[in-house]
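S.K.: Going by the UniProt record's numbering, the residue at position 172 of the sequence shown is 172; the numbering climbs one at a time, nothing skipped.
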Amino acid sequence: MGKEAAAAESSSTVVLAVNGKRYEAAGVAPSSSLLEFLRTQTPVRVPKLGCGEGGCGACVILVSRYDPATDEVTEYSASSCLTLLQSVDRCSVTTGEGIGNTKDGYHPVQQRLAGFHASQRGFCTPSMPIIEACKSFAADVDLDDLGLNCFWKKGHEPAEFSQLPGYNRGSVCTFPEFLKSEIESSLEQVNGALVAVSNDGWYHPKSIQELYNLFDSNWYDENSVKIVASNTGSGVYKDQDLYEKYINIKGIPELSVINRSSKGVELGSVVSISKAIEVLSDGNRLFKKIADHLNKVASPFIRNTATIGGNIIMAQRLPFASDISTVLLATGSTVTIQVASKRLCLTLEFLEQPPCDSRTLLISIFIPYWGSDGDGITFETFRAAPRPFGNANAVSYVNSAFLAKTSEDAASGVDHAIRARKVEDFLKGKAASSFVILEAVRLLKESISPSEGTTHPEYRISLAVSFLFTFLSPLVKADTPNGPYTNGSSKYSFQDQAKVDINDLPICSRQEMVFTDDKYKPVGKPIKKDGVELQASGEAVYVDDIPAPKDCFYGAFIYSTHPHAHVKSINFKSSLASKKVVTVITAKDIPSSGKNVGSCFMMLGDEALFADPVAKFAGQKIGVVIAETQRYAYMAAKQAVIEYSTENLRPPILSIEDAIKHNSLFHTPQFFAHKLQPVGDYNQGMSEADHKILSAEVKLESQYYFYMETQVALAIPRHNLLSSHKV
1 MGKEAAAAES
11 SSTVVLAVNG
21 KRYEAAGVAP
31 SSSLLEFLRT
41 QTPVRVPKLG
51 CGEGGCGACV
61 ILVSRYDPAT
71 DEVTEYSASS
81 CLTLLQSVDR
91 CSVTTGEGIG
101 NTKDGYHPVQ
111 QRLAGFHASQ
121 RGFCTPSMPI
131 IEACKSFAAD
141 VDLDDLGLNC
151 FWKKGHEPAE
161 FSQLPGYNRG
171 SVCTFPEFLK
181 SEIESSLEQV
191 NGALVAVSND
201 GWYHPKSIQE
211 LYNLFDSNWY
221 DENSVKIVAS
231 NTGSGVYKDQ
241 DLYEKYINIK
251 GIPELSVINR
261 SSKGVELGSV
271 VSISKAIEVL
281 SDGNRLFKKI
291 ADHLNKVASP
301 FIRNTATIGG
311 NIIMAQRLPF
321 ASDISTVLLA
331 TGSTVTIQVA
341 SKRLCLTLEF
351 LEQPPCDSRT
361 LLISIFIPYW
371 GSDGDGITFE
381 TFRAAPRPFG
391 NANAVSYVNS
401 AFLAKTSEDA
411 ASGVDHAIRA
421 RKVEDFLKGK
431 AASSFVILEA
441 VRLLKESISP
451 SEGTTHPEYR
461 ISLAVSFLFT
471 FLSPLVKADT
481 PNGPYTNGSS
491 KYSFQDQAKV
501 DINDLPICSR
511 QEMVFTDDKY
521 KPVGKPIKKD
531 GVELQASGEA
541 VYVDDIPAPK
551 DCFYGAFIYS
561 THPHAHVKSI
571 NFKSSLASKK
581 VVTVITAKDI
591 PSSGKNVGSC
601 FMMLGDEALF
611 ADPVAKFAGQ
621 KIGVVIAETQ
631 RYAYMAAKQA
641 VIEYSTENLR
651 PPILSIEDAI
661 KHNSLFHTPQ
671 FFAHKLQPVG
681 DYNQGMSEAD
691 HKILSAEVKL
701 ESQYYFYMET
711 QVALAIPRHN
721 LLSSHKV
């Protein structure tokens, strides 16, 4: 490797503290996650692999970073399944075991989880608790609203804070002194000297020049190198293959700048979303509106690490519904990018340009200052998502932002944020009226053309149109010609129709009324279940927590992507992940003495483990990939190339209507038949009814569940027998 690349600093050994104890990992693969390390190289078991997308929270940990220049420690929660191990070098990591356990005593948080019956099955209790337990930490909580618990007898004694386990934040999460010393000594060793690049494939340049030196070296290959700042993007777009090399740009100071001026706010591209919210919240109404909208993006532990620039670049290169890009586009924000030695200042309309290559570096984002509150600026943002009252990893269906004074408006319903030029040109210089608004709505509806493959395009268009209508309506004055909207004899102003914002509704209150009966005591009493503290602290052992034996292999299912088709062959794309495959097991590998049975249902028959020879439905298991690690197995399974054939097979039945047409019905089991007898005379009841339904049809489509409980099995051969665990 040339001298140019040698300027980038890298270390082949990762040193970190986990719950105050020092750990050292040598020869770490650059693609290894922090979660993998915690679960395989330490006794830690609280963080678990749930969704693998940074959405469920089962893997959340606390990261502490020490800055020797200021002697300050910064702490933030993060998703360990997305956090790359190399990125937390010289950091302190705290998990549920680190705040309390059986040996050292339980932390008040864990005690309250147990006392408020918040463990359920306990698998992910430490990371995804029931809100009833967390409410007790709120400053304005009504103790009478906390429901049944083990700290006081509801209805028999007064509820007081003194009865709850106290919380002292200073008693945990201290940064280890030994790690501070190592950080300071390592700085002294590299001060003023170039550090040779190691062969572990992890590089963290300290300047933009060093980064471009890497780009220009023979070492760089954009197909095998991934540039990261937080790696949270892989939660949205999963890595299709293993990367051999990573470049971490988080340590480049110029990309972390935060500058305030009379003209606006400049944010470096690797500034986290959480930090951006903090900065913008301390501004005028427009900046606060942006901050409020950013608070709806992802979960807090994702916002703590995800960067503003990463979100924008992902929207520019991929069909990503970025809230941030849409909101910033409406405010007239600009971006500074660098291509080789040239720097360009562009409007956010660069989102509509062809995807930029990996050598294009986003330096910063500038949000202009539009004047003080009350200067005639109206700015609103809108967002429609599956869960409108929370974030919870809910990607928006449509997001829009509108700014009135210069009529800058943006709407999303396509691949990325766009400007509705026709609407802008029409609105300029016109007085707001009902006619003007309705015409603007019509023009916007015509200008939005969702990309091919967009789900529910009509719904998304209607959302964008409704956002524009809601924004413009309050601007119409009651005495404006064609101002009020007339409906029969009553008049409803546009202002009245647009006043309600579902995001600003007052907090609803409720109180739990519990009526107990001692007749079946202790049934119905708030009694802690056995082992609840072990679940709350993460010490309860589940199958995936059992240490893997030496030379253990891991499996991942290959699922059919075609309904009702012959499976002719299974191959793999040429990739790093496919090279990790040990073997593939299908129905053909089942011994003659065995059976192809995956599960048995009483009275309903058996379900095949593998499709053989026909995959009856999309999602049926075809085989299982065996690899040396679980991640290798998962990734290889997704890269399986399956050859299908539909010769001599009828078309698949894909709807209820098709099933009725082809008489493809499930027969009622005998033991259910006697319970399904009709009650009363249907015809008589309908003839005597006061109201009759002449015709009606209700359709409910299937749901794609966000599963939060994983399934795992462990089999260990012992003396010609098989010891197995499963859940």
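Beta carbons: idealized from backbone N, C-alpha and C, even for Gly.
So, with DSSP's three-state summary, where would you put A5?
M.R.: No answer about A5 holds up, because its pLDDT of 43 lies below 50 and its placement is not dependable.
S.K.: Can you name the residues that DSSP bridges to P368?
M.R.: G264
S.K.: Which residue spans inside the stretch 585 to 645 form an unbroken alpha helix (DSSP H) run of at least 4?
M.R.: 630 to 638
S.K.: Between the alpha carbons of R45 and G52, how many angstroms are there, rounded?
M.R.: Going by the C-alpha atoms only, they are around 16 angstroms apart.
S.K.: Going along the chain, which residues of its own chain have a beta-carbon closer than 8 angstroms to the beta-carbon of Y135, five neighbours each way excluded?
M.R.: A quick correction: the sequence has Lys, not Tyr, at residue 135. V141, D145 and L146, listed in sequence order.
S.K.: Please determine whether the Cβ atom of T629 lies at a distance below 6 angstroms from any heavy atom of the ligand NAD.
M.R.: As far as ligands go, the structure on display features none, and thus does not contain the ligand NAD.
S.K.: Let me confirm a value: Y705 is counted as buried when at least 16 other C-beta atoms fall within 10 Å, else exposed. Which label applies?
M.R.: Y705 is exposed by the Cβ-count criterion.
S.K.: By the three-class DSSP mapping on this structure, what secondary structure does N311 have?
M.R.: helix
S.K.: Kindly list the residues whose CB is nearer than 8 angstroms to the CB of N663, restricted to its own chain and excluding five residues on each side of it in sequence; keep chain order.
M.R.: none
S.K.: List the DSSP bridge partners of Q338.
M.R.: R343 and L361
S.K.: Excluding sequence positions up to five away, which residues of its chain have a Cβ less than 7 angstroms from the Cβ of I308?
M.R.: L267, S269, V271, I273, A276, I324 and I365
S.K.: Which residue wins for smallest C-alpha separation from D216, given the options A340, I290 and R260?
M.R.: The residue with the shortest Cα to Cα distance from D216 is A340.
S.K.: If we count the other Cβ atoms within 10 Å of its Cβ and call it buried at 16 or more, is E539 buried or exposed?
M.R.: buried
S.K.: Check for me: the beta strand (DSSP E) holding I448 runs from which residue to which?
M.R.: Unbroken run through I448: none, as it is neither H nor E.
S.K.: Just to confirm the assignment, what range does the alpha helix (DSSP H) spanning A673 have?
M.R.: Q670 to A673
S.K.: Just the Cα atoms here: how many angstroms apart are P205 and I252?
M.R.: 7 angstroms
S.K.: Rounding to the nearest angstrom, what Cα-Cα distance links Y246 and Y203 in this structure?
M.R.: 6 angstroms
S.K.: What are the uninterrupted segments assigned as alpha helix (DSSP H) that are 4 or more residues long and contained completely in the stretch 522 to 552, given in chain order?
M.R.: 532 to 537
S.K.: Between P717 and the rest of its own chain, which residues show a CB-CB distance below 6 angstroms, the 5 nearest in sequence each way excluded?
M.R.: none
S.K.: Rounded to whole angstroms, what's the CA-CA distance from N19 to E97? Just pull it up for me.
M.R.: 7 angstroms
S.K.: Near T42, which residues of its chain fall below 7 angstroms by C-beta distance, leaving aside the five closest residues on each side in sequence?
M.R.: V18 and Y23
S.K.: Hey, could you find the ends of the beta strand (DSSP E) R650 is sitting in?
M.R.: First-last for R650: undefined, no H or E at that position.
S.K.: E244 bridges to which residues according to DSSP?
M.R.: Bridge partners of E244: none, in fact.
S.K.: For the structure I just gave you, are there three or more beta carbon pairs, one from the stretch 547 to 558 and one from the stretch 613 to 628, closer than 8 angstroms?
M.R.: yes
S.K.: Using the rule of at least 16 other Cβ atoms within 10 Å of the residue's Cβ for burial, across every protein chain shown, is N648 buried or exposed?
M.R.: Exposed, because fewer than 16 other Cβ atoms sit within 10 Å of the Cβ of N648.
S.K.: Have a look at the DSSP bridge pairing and note the partners of S33.
M.R.: L84
S.K.: Is the distance from the Cβ of L113 to the Cβ of S80 below 7 angstroms?
M.R.: no
S.K.: Within 10 angstroms of its Cβ, does N218 collect 16 or more other Cβ (buried), or is it exposed?
M.R.: exposed
S.K.: Around the C-beta of E72, are 16 or more other C-beta atoms found within 10 angstroms, so that it is buried, or is it exposed?
M.R.: exposed
S.K.: Of the choices A689, W152, I461 and K263, whose alpha-carbon is the least far from that of P526?
M.R.: Closest by alpha carbon: W152.
S.K.: Give the secondary structure of F178 by DSSP, where H, G and I count as helix, E and B as strand, and everything else as coil.
M.R.: helix
S.K.: Should A69 be labelled buried (16 or more other beta-carbon atoms within 10 Å of its own) or exposed?
M.R.: exposed
S.K.: Would DSSP call P717 helix, strand or coil?
M.R.: strand
S.K.: Which class does V18 belong to by DSSP, given the choice of helix, strand or coil?
M.R.: strand
S.K.: Roughly how many whole angstroms lie between the Cα atoms of N571 and A640?
M.R.: 6 angstroms
S.K.: What's the C-alpha gap between Q535 and H117?
M.R.: 11 angstroms
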